[in-house]
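Chemist:
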Amino acid sequence: MRSLLPALLAAASLLAGCEKKQPAQAPAAPATPELKAPAAPPPASDVILLGEVGSLTGAEATFGQSTHEGIQLALEQANAAGGVNGKKLEVRVYDDQGKPEEAANAAVRLINQDKVKLILGEVASTNSLAMADKAQAAKVPMVSPSSTNEAVTQKGDYIFRVCFIDPFQGYAMAKFARETLKLQNVAVLQDNKSAYSTGLTGVFQLRFAEMGGKVAGVESYSKGDTDFRAQLTALKKAKPDGIYIPGYYTDVGLIARQAQELGLKAVLLGGDGWESEKLFELGGSAVDGSYYTNHYSPDSPNPATQAFISAYKAKHNGKVPDSLAALAYDAANVAVAALRKSKSLEGPDIRDALAQTKDFDGAAGKLTLDEKRNATKPAVVLKVENGKAVFAASVSP
Amino acid sequence: MVPPGLRGVLPVVLACLALAAGQRLFGGQEFFVYVASLVGVNVVLAVSLNVVNGMTGQFSIGHAGFMAVGAYAAGRLSLPLGDVAVSGLPVAASDQLLFAVSLLAGGVAAAACGFVVGLPSLRLKGDYLAIVTLGFGEIVRVIIQNTPALGGALGLSGIPQRGSLFAVWLCAFLAVLVARRIAESSHGRSLTAIREDEVAAEAMGVNTTAYKVRAFVVSAFFAGVAGGLFAHFVPIINPGSFTFVKSMEVVVMVVAGGLGSTTGSILAAVVLTLLPEALRSGFNRFAGEGAGAVVDQVRMPVYGLLLVVLMLARPQGLFGTRELWDRRKGQGARP
C-alpha cells in the first residue's frame, strides 16, 4: 500500500496530461444513474459549448455561485426555446478560487482543451483582466457579467460586458438628484484613496453643474477613518440640500450617523458601494430616506426583470436573485442572441454579432453595447426606507 | 569519460539541450505550457523553501512574501522594458536578455528582503521565526495593495509575457542544482548539524546564525526568481495571489515530499500542482456534462482529502529525507 501510493498519485497526475489528446468536442460521458436523462445525450456536433469561469470556492464564492445560477437559468430557457439553430447549448464551468492565475489557467483550458465558442465571466475585475488577455489572443469572445473596472474591455475588441462602468453611476445620480429630487445645492464627500470614489465624484460634479445645479463643496476622507465631523462641519456651512457620498457602506454608515448628530438635514446620496445589509445596521435611522444607485432591483416594475425573478424563484425555492445573478442571466442571454445572429460559429463572426447588440431587453434593464464594448443601460436608484432598500426610479443614460 | 573540468558544466548543457527540445515539441500547446509553467514555478518555490525548512530545520511560512517581492520587482522592471530592445541584438534575443535581467533583479530584491528579515529573526528559534516570516508576508502584501504604482488591489497587468517552458524549467533546474550542491557541501553538513541539534552544532564551532541567514537568503533569492517567472506568464499579478494560503501551499509541498529531500519537494510540487487539474479532467470525464459547477466545487475538498490520506499513509513524506540520487541503499537516511 505504502509503496503504491506515490505511483497512484503519479498516475492521477498523468490524467491531466491525457486530457490533451482528447478530440475537440468529446461526446459526453454516459450519465450516472441519478442524472440519466430520458433522451439519449445528443451527439457532440449538436452541442455548442460555452465556457464559464467563476469563483465557486474561495472568499468570493457567493459571487461565482450566483453568477452560475443566472447563466444556467438563461441557457435552460434558451434550450427549451430550441437552442441555437437546433443546437443545444451547454456550459462548462471552471472554478478559479478567486485567483487571477487560476482564472487565466481556466480560460486557457476552456479555449485550448474544450474549444469553447465563447467565455462568460468573471465577476472580479482582476480575474476578468487575466482572462481577457488569453481570450483576446485566441480570438474567443468573452462577456463579463459584472466587472465594472474600465480597463477590462480595453484589453481588446473581443472583450464585452453587460454592466455599466463605474463613472456612469455618477451621471445617473446627478440626473436623479437634479431632475427627480430637484436638488439645487449638493456637497460631495469622497474617499480620496479609492479610484472608484474619485471617479464617481468627478462625473457627478461635472454633470450636476451641467444640469444647472451647484456643487457646494467637496471634502475628502480616507477609507477606514472613523471621525468625519471636521469634514461634515465644513460642508454644513454651505447649507447643502444633498450630500453625495460615493464610498463603501462601512464608512457611509458612520458618516450618516455623524451627520445626523451634527444636525445636517441634507439628503444623502451614494453609489453601489452602499449595497449591503450592514449599511442599515451601521447607519440605523440616519440612512433612512437616502438614495443610492445600483445595477438592479428586484422591485423594479420592468416586465423583463419580473419575468426573470419569477423564473429564478421557481427554480430556487423562492430565493430572490441578487444583482450578480441578474447580470449573469443578461450576459448569457446576450451571448445566446449573438450566437443565433452570428453567420458562423467562428470567433470573429460571434464577435461581430455581439458588437451589434442593441436595445436588448435584459433582466437588469435594456442594454446596448457601445463601440467600446461597454453596456449603455439604465441604472436603478434605490431608496432606504426602514432598514430596507426599495426601488425608487430607473435612470436612463 | 567526461573530463573533470567539464563535469560542473555538463549537467547544465545537457539540461539546456533537453529543455530546448521540450520547448520545440510542446511550445505550441498553450494549455500544456501554462500548466507546466505553474508546475515549474512551484518546483522552484518548494525546492528553495526546502533549503530552509527541510535542510536547516527552521520553520518559515512567508515564502509567498518573497515570491511577491520578486514578482513585483521583476514585473515592474519589465513593464517599461516591454518596448525596449538592446541595440545590436535580434529582438527575440534582447527580449530574453531583458527577461533574464528582470528575473535576476527580482531574485536579488527578494534575497535582500530575506537578509533584512533573516538577520534579526534567525537569532531566534522555532516558532518565533514562523511568526516573523508570516508577518513579513502579510506586510509585503498590504504594502503592494496600497501602492498605486504597483497596481494596488486591482493588480499589475501588461507585463510582457516573455516566460517560456525553457525559461521556467531552466530556473527550476538551477534551483535543484544549487539545492543539491548545498546539501552535499560542507555548508550543507553544517545546515544538517543545525537541524539535528543547534546547541551541539554551535558547540562544534558552527556559526549557526550566519549559516541560517545564508540558507535563508538563498531560499529567498529563488522564491524571488519564481515570482519573477510567475509575473511573466500570468497576465496579471495581484496581491491576492501571494497570501498566506500560497505560503502554506508551498510548506505543504515540502512536508508532503519529505522535509529535507529535494527530490521529494520536486515530486510533491509536480503532483500537488497537477492534482487539481487532474481532478478536473477526471470529474469532467466521469461525472458527465451538466454536473458542471458542483463537480468543480467538490474538487478542492477532494484535494484536501488526498493530502490527509497522504500524510496518514506516509507521515515522513513521500521521500523521507532520501534523494533520488543517493547512490547506495541505506545511505539515504542521513545522520
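Heads up: the sequence lines are chains A and B, in that order. According to our numbering, the stretch in the first sequence is residues -1 to 395, in order. According to our numbering, the stretch in the second sequence is residues -1 to 333, in order. Virtual Cβ for every residue (Gly too), placed ideally from N, Cα, C.
#1: At 9 angstroms on the CB atoms, spell out the chain B contacts of N103 (chain A), in chain order.
#2: Can you find the residues in the same chain that come closer than 6 angstroms, C-beta to C-beta, to F257 (chain A), ignoring five residues on each side of it along the sequence?
#3: Can A105 (chain A) be considered in contact with the ligand SAH, in the sense that its beta carbon sits closer than 7 angstroms to one or more heavy atoms?
#4: Please say whether L380 (chain A) and Y290 (chain A) have beta carbons closer to each other than 8 angstroms?
#5: Counting only Cβ pairs nearer than 9 angstroms, list the residues of chain B close to L204 (chain A).
#6: What are the boundary residues of the beta strand (DSSP E) that G268 (chain A) is part of?
#7: Between the region 165 to 181 of chain A and the region 237 to 252 of chain A, can you find at least three pairs of beta-carbon atoms closer than 8 angstroms?
#8: Are there 16 or more other CB atoms within 10 angstroms of the CB of Y126 (chain B), so buried, or fewer, so exposed?
#9: Whole angstroms is fine: what's the gap from P139 (chain A)'s alpha carbon to K132 (chain A)'s?
#10: P237 (chain B) and I142 (chain B): beta carbons closer than 8 angstroms?
#11: Rounded to the nearest angstrom, how far is the Cβ of A361 (chain A) from that of A302 (chain A), given a contact under 8 angstroms?
#12: Inspect the beta-carbon positions of V121 (chain A) and P98 (chain A) and report whether they are closer than 8 angstroms.
#13: Using a Cβ-Cβ cutoff of less than 8 angstroms, which residues in the same chain neighbour P88 (chain B) once the five nearest sequence positions on both sides are dropped?
#14: Measuring only the C-alpha atoms, how far is R187 (chain B) from D93 (chain A)?
#15: 8 angstroms is my cut-off, CB to CB: does L152 (chain B) come that close to chain A?
#16: Would you kindly check if the distance between the Cβ of G119 (chain A) and the Cβ of V45 (chain A) is under 8 angstroms?
#17: Can you tell me where the beta strand (DSSP E) with V51 (chain A) in it begins and where it stops?
#18: Is there a Cβ of chain A sitting closer than 8 angstroms to that of G238 (chain B), yes or no?
#19: Please classify T241 (chain B): does DSSP put it in a helix, a strand, or coil?
#20: From E136 (chain B) to V130 (chain B), what does the alpha carbon distance come to, in whole angstroms?
#21: Leaving out five residues on either side along the sequence, give the residues of the same chain with a beta carbon under 8 angstroms from the beta carbon of A185 (chain A).
#22: Taking DSSP's pairing of strands, which residues face K386 (chain A) in a bridge?
#23: So, using beta-carbon positions, are G262 (chain B) and G222 (chain B) closer together than 8 angstroms?
#24: Since K364 (chain A) is in the beta strand (DSSP E), which residue starts that stretch and which ends it?
#25: Just verifying my parser: in three-state terms, what is the DSSP assignment at F358 (chain A)?
#26: Pick out whichever of B:V114, B:R212, B:I192 and B:R121 has its Cα sitting closest to the Cα of T134 (chain B).
#27: Can you give me, in chain order, the residues of the region 107 to 120 of chain A that have a beta carbon less than 7 angstroms from any beta carbon in chain B?
#28: Tell me which same chain residues have a C-beta within less than 7 angstroms of the C-beta of A103 (chain B), skipping the five on either side of it?
#29: Taking any Cβ of chain B, which residues in the region 130 to 150 of chain A have a Cβ under 7 angstroms from it, in chain order?
#30: Listing by chain order, which chain A residues have their CB less than 8 angstroms from the CB of M298 (chain B)?
#31: Using a Cβ-Cβ cut-off of 8 angstroms, state whether Q143 (chain B) counts as contacting chain A.
#32: How many angstroms separate the CA atom of K370 (chain A) from the CA atom of N331 (chain A)?
#33: Taking only the alpha-carbon atoms, compute the straight-line gap between G256 (chain B) and P376 (chain A) and give it to the nearest angstrom.
#34: Taking L190 (chain A) as the reference, give the member of A:V201, A:G268, A:S220 and A:A101 with the closest Cα.
#35: For G318 (chain B), which residues in the same chain have their Cβ closer than 6 angstroms to its Cβ, ignoring the five residues on either side in sequence?
#36: With A128 (chain A) as the anchor, note down where its alpha helix (DSSP H) starts and where it stops.
Modeler: Looking at the atomic coordinates:
#1: F29, Y32, V33, L36, V232 and E275
#2: Note that residue 257 (chain A) corresponds to Ala in the displayed sequence, not to Phe. Closer than 6 angstroms at Cβ, skipping near neighbours: L230.
#3: Among the ligands in the structure shown, none appear at all, so the ligand SAH cannot be discussed.
#4: yes
#5: Per Cβ cutoff of 9 angstroms: no residues; L204 (chain A) is ~23 angstroms from chain B at best.
#6: V265 to G268
#7: yes
#8: Burial call: exposed.
#9: 10 angstroms
#10: yes
#11: 6 angstroms
#12: no
#13: none
#14: Rounded to whole angstroms, the gap between the alpha carbons of R187 (chain B) and D93 (chain A) is 44 angstroms.
#15: yes
#16: no
#17: V45 to G52
#18: yes
#19: coil
#20: 10 angstroms
#21: V213, A214, G215, V216, E217, L233, A236, P238, G240, I241, Y242 and A264
#22: Residue pairing for K386 (chain A): DSSP places it in a beta bridge opposite A:E383.
#23: Not a contact, by the Cβ cut-off of 8 angstroms.
#24: First-last of the beta strand (DSSP E) with K364 (chain A): G363 to L367.
#25: strand
#26: The residue you asked about is not Thr; residue 134 (chain B) is Phe in the sequence shown. The alpha carbon of F134 (chain B) has as its nearest neighbour, out of B:V114, B:R212, B:I192 and B:R121, the alpha carbon of B:V114.
#27: R107, N110 and Q111
#28: Contacts found: A71, A72 and L75.
#29: D131, K132 and N147
#30: T55, D93 and Q95
#31: Residue contact check for Q143 (chain B) against chain A: no CB pair falls below 8 angstroms.
#32: When rounded, the separation of the alpha-carbon atoms in K370 (chain A) and N331 (chain A) is 20 angstroms.
#33: G256 (chain B) and P376 (chain A) have their C-alpha atoms roughly 58 angstroms apart.
#34: According to the sequence as given, residue 190 (chain A) is Asn; it is not Leu. The option with the nearest alpha carbon to N190 (chain A) is A:S220.
#35: G256
#36: Note, A128 (chain A): alpha helix (DSSP H), S123 to A136.
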